[in-house]
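Reviewing the structure listed below.
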Amino acid sequence: METGYKFIIYEEQNATAIISLNRPDMYNALNAEAKLEVVQAIRDANKNSAIRSIVLTGKGKAFSTGQDLNDRSVQSSLGPVDLGQTLQNEWNPLINSIRDSKKIIIAAVNGVCAGAGISVAIACDLIIAKPLTKFVGAFSRLGLAPDAGSTYTFVRALGYQKTMAFFLLGEPLMAEEMLAAGLINELDENPLVRSIEYSTAINKLSPISTEAIKKNLKFAMDANFNESMEREMYAQRFLGRSSDYKEGLSAFLEKRDPQFTGN
Amino acid sequence: METGYKFIIYEEQNATAIISLNRPDMYNALNAEAKLEVVQAIRDANKNSAIRSIVLTGKGKAFSTGQDLNDRSVQSSLGPVDLGQTLQNEWNPLINSIRDSKKIIIAAVNGVCAGAGISVAIACDLIIAKPLTKFVGAFSRLGLAPDAGSTYTFVRALGYQKTMAFFLLGEPLMAEEMLAAGLINELDENPLVRSIEYSTAINKLSPISTEAIKKNLKFAMDANFNESMEREMYAQRFLGRSSDYKEGLSAFLEKRDPQFTGN
Amino acid sequence: METGYKFIIYEEQNATAIISLNRPDMYNALNAEAKLEVVQAIRDANKNSAIRSIVLTGKGKAFSTGQDLNDRSVQSSLGPVDLGQTLQNEWNPLINSIRDSKKIIIAAVNGVCAGAGISVAIACDLIIAKPLTKFVGAFSRLGLAPDAGSTYTFVRALGYQKTMAFFLLGEPLMAEEMLAAGLINELDENPLVRSIEYSTAINKLSPISTEAIKKNLKFAMDANFNESMEREMYAQRFLGRSSDYKEGLSAFLEKRDPQFTGN
């Protein structure tokens, strides 16, 4: 398939879009262009009505080692550096495109995640990782601080004290610990194959239901109890009027598989 | 005891009120009237000064399977459906009556919880469940999304990714996993008996202290650190001026059991 | 070292300040003056540019048993008591001085923590505890409610139901359970020695990086995702312009240890 991408591969397999970071020699460190390509690919997959869910993975030994330190914009040796701008223009839009994707995105973590590469993985809706994969958040070694949403996610998943140790001391967190902390769904020797299995199951669901589930869970993380309950109410009102609910309820009562259309 | 209830049983045992969902043939699925009866029973127990805490359980094999799908209001085959209204008028008031109860409510989860039946259980202050009990949140099979407060509670307890898998893929969560996630206090072959033991211990505490503990913990879940600390301060000021604190401190220093009155 | 402190010992060991609660016969229960001394010692350590991090521990068998119940201000037998004032004037400022300390504070929990002594420990950035240490939050026995920030911290770490049981039923939480809940970093037979090892590692980091990590994690606990990501961006912009980042990046690329100055 000709897609015009330089740093990623975009494939479609049935109703699943597979986006592979493809700088294996760089352990999938991302420069500005690579990030834009991922954003574009997620946009394409969302526009394509034949696609129901997305798998994001990396080619080679790493999932992603985050910022490409050879990229001009972060090389302080070449003059003044604005890492804030790198976040504002490159990383945060990438993270937001994953979070805002109406279609579920599954991270198939095939190998090491470092720096903002961790942020990319944990922004995904489901995560399948290879056993013994290392997550390295050693920002403090560079005199920096964790970014791209990782402060928010880690304090909630690991707790404050363990997150402090992770980011201060630079010791890797193993996939097994991430699983225990609820940040990973499953370990599998072949995370891409397993992610496609998850994806295939999700592709059979009602797209308006999966979108509402994703949006409401993200909303509930930021909201208080009453706000969360109110939003659930609005979503359920909308879904209850859909053809998909009619179909789902009929299928349930008739003990057969539903055929959802997204209407 | 004649209480006029049709779908529940209300009993008092010493200072404990026991509310039992009583539609065992329907696995304690709740129609509109059953929900109102639970709300009423919680109100009664709160008004009765002889009652110090409440146990909520189910008769038969299930705790509750949530919405009674035979109830007219949710049957899309009969015309337009407003599930938002079912939440607004029935489920959310039930959840709020549990949360707002000044007296501690212990869920004795005797068997399967499904749909909004999970929301009822996790709204309670303490949960004792039978080992191997299944929690089934298969909203996506009906083309729906989780409701009645479950988005808020699950993202905090399980984390975002595990909650996504739970609600998308429809696989049951076992009581053992709920225990590990901090959503269940204890597993016991006879959750009702064990819940009454907890209740008996709670009945000896100062009612103004237990009410403050419940309110402050609920508040702290929604609030920031400073707001939480400020509320703790107001509560402690109030409690510090009570006769119960005077009695509690005396009993502590005299190494005897306190006799609390709620004053 | 002559420091003029009556209830604590303040020592400096290389770039580490060690603050030891020193009322071993009282299990390090704290009266008003002892709390003020800890606040003062943290302030001193923050002002001293030779100090890079702080260890807080207790002399004798206990870390701290919280409020000194012999202190006049909490003795209801002597007349009206305002526990709100004790929090407002004594405990909350102590908790805030730990949280607001720019330098990392490690709790070396050498023995039992009770009441607000728990709040002091969990306000620290890292916690090393002796195996089998008990944490006793039996506020309900006195007719009181948890305070000094413990409602906020425990509902997030243990979940609502387990926190309810902890504070209602008064059964101690073991250090092993605190570790599993993410509230403790490591168990060690000699928590002071181990804490100094952590401290020594932290002392080599860039002080502006450690301060940003601490502030951003605290911020992220209270903030929503977008606010957290925005603050990360500002911090990284600031750090990216520092000499320490230039040094960190050079050292990383040259595979040597960085020499940070805090500039």
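Chains as they are written, first to last, in numbering that gives the first Met the number 0: chain A, 0 to 262; chain B, 0 to 262; chain C, 0 to 262. For glycine and all other residues, C-beta sits at the position ideal for the given N, C-alpha and C.
### Query
By how many angstroms is the C-alpha of A/L204 removed from the C-alpha of B/I201?
Walking along the second sequence from the start, residue 201 of chain B turns up at place 202. Walking along the first sequence from the start, residue 204 of chain A turns up at place 205. Between the C-alpha atoms of B/I201 and A/L204 there is a straight-line separation of about 45 angstroms.
### Task
Please state if the CB of B/D81 and the CB of A/R236 are separated by a distance shorter than 7 angstroms.
Along the first sequence, read from residue 1 onward, the residue named residue 236 of chain A stands at position 237. Along the second sequence, read from residue 1 onward, the residue named residue 81 of chain B stands at position 82. Inclusion of A/R236 and B/D81 in the CB contact set at 7 angstroms is warranted, their separation being smaller than that value.
### Message
Going by C-alpha to C-alpha distance, which of C/A61, C/A28, C/A16 and C/K60 sits closest to C/K46?
### Response
As a first step, residue 46 of chain C is located in the third sequence; it is residue number 47 there, counting from the start. Ranking C/A61, C/A28, C/A16 and C/K60 by CA distance to the CA of C/K46 puts C/A16 first.
### Query
What number of angstroms, rounded off, separates the C-alpha of A/G110 from the C-alpha of A/E36?
As a first step, residue 110 of chain A is located in the first sequence; it is residue number 111 there, counting from the start. As a first step, residue 36 of chain A is located in the first sequence; it is residue number 37 there, counting from the start. Computed Cα separation, rounded: 21 angstroms.
### Message
Am I right that C/P145 and C/G158 are in contact with their C-beta atoms under 8 angstroms? What's the rounded C-beta distance?
### Response
What you label residue 145 of chain C is simply residue 146 of the third sequence in a count that begins at 1. What you label residue 158 of chain C is simply residue 159 of the third sequence in a count that begins at 1. At roughly 15 angstroms, the Cβ-Cβ gap does not stay under 8 angstroms, so C/P145 and C/G158 are not in contact.
### Query
Does A/M163 come within less than 7 angstroms of chain C when only Cβ atoms are used?
As a working mapping, residue 163 of chain A is identified with position 164 in the first sequence. Closer than 7 angstroms to some Cβ of chain C, the Cβ of A/M163 qualifies, so yes.
#### Entry: B/E226, enclosing alpha helix (DSSP H) - first and last residue
Position 227 of the second sequence, counted from the first residue, corresponds to residue 226 of chain B. According to the DSSP assignment, B/E226 belongs to the alpha helix (DSSP H) that extends over F224 to G239.
### Message
Could you check whether the Cβ of B/S63 sits closer than 7 angstroms to any Cβ belonging to chain C?
### Response
As a working mapping, residue 63 of chain B is identified with position 64 in the second sequence. Cβ-Cβ to chain C under 7 angstroms: no for B/S63.
### Task
Indicate whether at least one CB of chain D lies closer than 7 angstroms to the CB of C/Q87.
Of the protein chains in the structure, A, B and C, none is chain D.
#### Entry: Check whether C/L125 and C/I94 have beta carbons under 7 angstroms apart
Taking the third sequence and counting its residues from 1, one reaches residue 125 of chain C at position 126. Taking the third sequence and counting its residues from 1, one reaches residue 94 of chain C at position 95. No. Outside cutoff.
### Query
So is B/M228 in contact with chain C if we call contact Cβ pairs under 7 angstroms?
Here residue 228 of chain B is taken as the residue at index 229 of the second sequence, counted from 1. Output row for B/M228: interface = yes.
### Query
Between A/A156 and A/A115, what straight-line distance do the alpha-carbon atoms span, to the nearest angstrom?
Against the first sequence, residue 156 of chain A aligns to sequence position 157. Against the first sequence, residue 115 of chain A aligns to sequence position 116. Between the alpha carbons of A/A156 and A/A115 lies a distance of about 17 angstroms.
### Task
Determine the direct distance from the alpha carbon of C/T2 to that of C/A33, and round the result to whole angstroms.
Taking the third sequence and counting its residues from 1, the one referred to as residue 33 of chain C is at position 34. Taking the third sequence and counting its residues from 1, the one referred to as residue 2 of chain C is at position 3. In a straight line, the C-alpha of C/A33 is about 14 angstroms away from that of C/T2.
### Where C/K34 sits in the DSSP three-state scheme
Residue 34 of chain C sits at position 35 when you count from the first residue of the third sequence. The answer is helix: DSSP assigns C/K34 an H, G or I state.
### Query
Per DSSP, C/S19 is paired with what?
Taking the first residue of the third sequence as 1, we reach residue 19 of chain C at position 20. Answer by DSSP bridge pairing, in chain order: C/I8 and C/T56.
### Pair within 7 angstroms by beta-carbon distance, B/S242 and B/N262
The count along the second sequence starts at 1 and reaches residue 242 of chain B at position 243. The count along the second sequence starts at 1 and reaches residue 262 of chain B at position 263. Yes. Within cutoff.
### Query
When you check each C-beta in the stretch 193-221 of chain B against every C-beta of chain C, which residues fall closer than 8 angstroms?
Result list: Y197, A200, I201, L204, S205, I207, S208, T209, A211, I212, K213, N215, L216, K217, F218, A219 and M220.
### Message
Checking 7 angstroms against the spacing of the C-beta atoms, do A/I127 and A/S48 come in under that value?
### Response
Indexing the first sequence from 1 puts residue 127 of chain A at position 128. Indexing the first sequence from 1 puts residue 48 of chain A at position 49. Going by C-beta atoms, A/I127 is not nearer than 7 angstroms to A/S48.
### Query
Whose CA, out of C/A164, C/A174 and C/N189, lies closest to the CA of B/E185?
The sequence position of residue 185 of chain B within the second sequence is 186, counting from 1. Selected option, being the one with the closest Cα: C/A164.
### Task
Take the Cβ of A/R255 as the centre, count every other Cβ of all protein chains shown within 10 Å, and call the residue buried at 16 or more, exposed below.
As a working note, residue 255 of chain A is residue 256 in the first sequence. It is exposed - the Cβ of A/R255 has fewer than 16 other Cβ atoms within 10 Å.
### Task
Compare the beta carbon distance of A/A40 and A/I18 with 7 angstroms and say whether it is the shorter of the two.
Numbered from its first residue, the first sequence carries residue 40 of chain A at position 41. Numbered from its first residue, the first sequence carries residue 18 of chain A at position 19. Result yes, Cβ atoms of A/A40 and A/I18 sit closer than 7 angstroms.
### Task
Please go through the same chain and pick out, in chain order, the residues whose beta-carbon is closer than 6 angstroms to the beta-carbon of A/G65, but skip the five residues on each side of it.
Here residue 65 of chain A corresponds to residue number 66 of the first sequence, with the count starting at 1. For A/G65, same chain residues with a beta-carbon under 6 angstroms away, outside a window of 5 residues either side, are A113, G114, A115 and G116 in chain order.
### Query
Among B/D221, B/N30, B/K101 and B/A31, which one has its Cα closest to the Cα of B/I53?
By 1-based counting over the second sequence, the position of residue 53 of chain B is 54. Minimum Cα distance to B/I53 is reached at B/K101.
### Query
If the cut is a Cβ gap below 7 angstroms, which residues of chain B does A/N45 touch?
If you number the first sequence from 1, residue 45 of chain A lands on position 46. Residues of chain B passing the Cβ test: none, with the nearest at roughly 17 angstroms.
### Message
If we define contact as Cβ-Cβ less than 7 angstroms, is C/D243 a contact residue for chain A?
### Response
Here residue 243 of chain C refers to the residue found at position 244 when the third sequence is read from its first residue. Yes, its Cβ sits closer than 7 angstroms to a Cβ of chain A.
### Task
Return the bridge partner residues of B/A156 from the DSSP annotation.
Within the second sequence, the letter at position 157 stands for residue 156 of chain B. The partner list for B/A156 (beta bridge, DSSP) is empty, contrary to what the question assumes.
### Task
Mind listing the chain A neighbours of B/V80? Cutoff is C-beta to C-beta under 7 angstroms, in chain order.
Taking the second sequence and counting its residues from 1, one reaches residue 80 of chain B at position 81. Those within 7 angstroms of B/V80 in chain A are G239 and R240.
### Query
Any beta-carbon of chain B closer than 7 angstroms to the one on C/Y151?
Here the question's residue 151 of chain C lines up with position 152 in the third sequence. So yes, C/Y151 belongs to the interface.
### Message
Among the candidates A/T132, A/Q160 and A/E231, whose CA atom is the shortest distance from the CA of C/L216?
### Response
Here residue 216 of chain C refers to the residue found at position 217 of the third sequence. Nearest C-alpha to C/L216: A/Q160.
### Query
With 7 angstroms set as the bound, which would you pick, yes or no: does the beta-carbon of C/G181 sit closer than that to a beta-carbon of chain A?
In the third sequence, counting from the first residue as 1, residue 181 of chain C sits at position 182. Under the Cβ criterion of 7 angstroms, C/G181 is counted among the residues facing chain A.
### Query
How would you write the range of the alpha helix (DSSP H) that B/V119 sits in, first residue to last?
Counting from 1 along the second sequence, the entry for residue 119 of chain B is found at position 120. Residues A115 to A122.
### Query
Under the three-state reduction of DSSP, which class applies to A/I126: helix, strand or coil?
Taking the first sequence and counting its residues from 1, one reaches residue 126 of chain A at position 127. DSSP places A/I126 in strand when its eight states are reduced to three.
### Query
So is C/R42 buried or exposed if we call it buried at 16+ other beta carbons inside 10 Å?
Working through the third sequence from its first residue, we reach residue 42 of chain C at position 43. Exposed.
### Query
Between the beta-carbon of A/S139 and the beta-carbon of A/L178, is there less than 7 angstroms?
Numbered from its first residue, the first sequence carries residue 139 of chain A at position 140. Numbered from its first residue, the first sequence carries residue 178 of chain A at position 179. Not a contact, by the Cβ cut-off of 7 angstroms.
### Task
For chain A, find out if any of its Cβ atoms is closer than 7 angstroms to the Cβ of C/E175; answer yes or no.
The residue labelled residue 175 of chain C in the question sits at position 176 within the third sequence. Not a single CB atom of chain A sits nearer than 7 angstroms to the CB of C/E175.
### Task
Could you tell me which chain A residues have their CB closer than 8 angstroms to the CB of B/G116, listed as they occur along the chain?
Residue numbering aside, residue 116 of chain B sits at position 117 when the second sequence is read from its first letter. Chain order gives no chain A residues near B/G116, where near means a beta carbon separation below 8 angstroms; the closest approach is about 15 angstroms.
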